[in-house]
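Chains as they are written, first to last, in the numbering used here: chain B, 1 to 115; chain S, 1 to 110. Below is one structure, written out as structure tokens, with a few remarks after it.
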């Protein structure tokens, strides 16, 4: 009965490779998000999708491309991985978005290490 | 630009002590949310405060939203080892964006 799930949990790869992270929510939420948490635990929004439409693209390099095939899924593809991409990536979802009071439910995170 | 300043960044106390974590901003938010994150997991919402001056209690945790809706505090009474974790404040606006503070890493020692 996992609410927001992400795969894989750990991802170790070489610089220059392309990788994808998948996210699924079974809460029936309309809005999904990707966050990046750096080594100092700072959590920053990357993307937000509402009903499969891109709402927020927070000046993320275009090597990062989110894709939402349906409301329950938001995947993140990263091209030409760089050392600085090493971080924990969190997916989240909320019932609605843009109200300023919505609760976001976070997945367990994907720990990406680029060597 | 760091819109939300959270302090202290690290806090190590003994079980039974009280503590307060602060979250300050120069901007107004629609709501201020507090999350707790344990190692290897995602953040989990503790509380959302919406109205200026609002105080919410969750067992030994007391959350306050400033009158001007720019700052908030989290007070823990008689801390327990189970309170150990990373506490994050986040400001929300009606633009799908949560802006997080840098977090307070709390360690409660037995």
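Even for Gly, the Cβ is constructed at its ideal location relative to N, Cα and C.
Contact of residue 109/S with chain B is not assigned, every C-beta pair being separated by 8 angstroms or more. Secondary structure at residue 7/B: strand, using DSSP grouped into helix, strand and coil. The bridge partners DSSP lists for residue 32/B are 49/B, 93/B. Non-local C-beta neighbours of residue 10/S in its own chain, meaning closer than 6 angstroms and more than five positions away in sequence, comprise 105, ordered along the chain. Assignment of residue 38/B by DSSP, reduced to helix, strand and coil, places it in the coil class.
The segment 9-26 of chain S and the segment 98-113 of chain B do not touch, with fewer than three beta-carbon pairs separated by less than 8 angstroms. Here residue 103/S has 6, 9, 37, 86, 87, 88 as same chain residues with Cβ atoms under 8 angstroms from its own Cβ, once five neighbours each way along the sequence are excluded. Under DSSP, no beta-bridge partner is assigned to residue 96/S. Listed along chain S are 41, 42, each with a C-beta nearer than 7 angstroms to that of residue 108/B.
In the displayed model, residue 51/S falls within coil according to three-state DSSP, outside both helix and strand. For residue 29/S, no beta strand (DSSP E) encloses it, and the DSSP letter there is neither H nor E. In this structure, the CA atom of residue 63/B is about 22 angstroms from the CA atom of residue 24/B. Per the coordinates, the alpha-carbon of residue 67/B lies some 44 angstroms from the alpha-carbon of residue 77/S. Near chain B, meaning a CB-to-CB distance below 7 angstroms, no residue of the segment 7-20 of chain S qualifies. Comparing C-alpha distances from residue 71/B to each of 111/B, 18/B, 95/B shows the shortest one belongs to 95/B.
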